[in-house]
Each structure stands twice: as C-alpha cells, then as structure tokens.
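A.B. asks: Pasting in a structure now, in structure tokens, and then I'll have a few things to ask.
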Amino acid sequence: MMYNYIKLADDTQIAHSNILEDQTVQVSIERPIDGGFCSATCFLPQCQWRSIEGFTASDLDYFTEIVRSSAPLIYRLAREVSLSDQ
Numbered sequence: 000m001m002y003n004y005i006k007l008a009d010d011t012q013i014a015h016s017n018i019l020e021d022q023t024v025q026v027s028i029e030r031p032i033d034g035g036f037c038s039a040t041c042f043l044p045q046c047q048w049r050s051i052e053g054f055t056a057s058d059l060d061y062f063t064e065i066v067r068s069s070a071p072l073i074y075r076l077a078r079e080v081s082l083s084d085q
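According to numbering that gives the first Met the number 0, the sequence shown is numbered sequentially starting from 0.
Now the structure itself:
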C-alpha cells in the first residue's frame, strides 16, 4: 500500500510504502500531464530509480534531492504505518 507524503506546487505527488520485507521503502512520484502521468519509482535507502516514464534527467536530479533529504522522515513514517498494519 502507498501513503501520500507530499504534493508539490506543480501537482507532482510523492508517496511512500511501508517498510518492505528487504527493509527498503518504495517512493513513487507521479506528475499529471495531458492524457496521463509521468511516473518514477525510487527505493530507499540506495535511492535506486526504476520504472521511469516521462521524467527528464533534470527532474530526477531534483527528485533525488527531495527524496534523499526527506529519507529519515520517510523511513519514520513508513515504520509507523508498518507497525500499525501489524
């Protein structure tokens, strides 16, 4: 399950998972565009990007900074939802 983390001024939505079995957290990013969405998935703590559609390298650099700087808070929130799911 994904949980909303933040919505940016350009309507880009960032959401996170609970803590997964391998101790990673999935961070998903979506931005609405005409007829669909740009999307990308990042896995913490390595900040490995996967399934990138529509975002530029510059976009990913920007999102990497957001995700890395927010990683402690994202992990805390993911841990809280993991505990509440038990």
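For glycine and all other residues, C-beta sits at the position ideal for the given N, C-alpha and C.
Check each candidate in D21, A56 and F54 and name the one with the smallest Cα separation from L43.
C.D. replies: Checked all of D21, A56 and F54; the closest Cα to L43 is D21.
A.B. asks: Output the boundary residues of the beta strand (DSSP E) element that contains C41.
C.D. replies: Start and end: G35 to L43.
A.B. asks: Give me the Cα-Cα distance between T40 and I32, rounded to the nearest whole angstrom.
C.D. replies: Using only the alpha carbons, I get a separation of about 17 Å.
A.B. asks: What does DSSP give as the partner residues of E29 in its beta bridges?
C.D. replies: Bridge partners of E29: Q12 and S38.
A.B. asks: Pull up the distance between the alpha-carbon of W48 and that of S81, whole angstroms please.
C.D. replies: Distance between the alpha carbons of W48 and S81: 23 Å.
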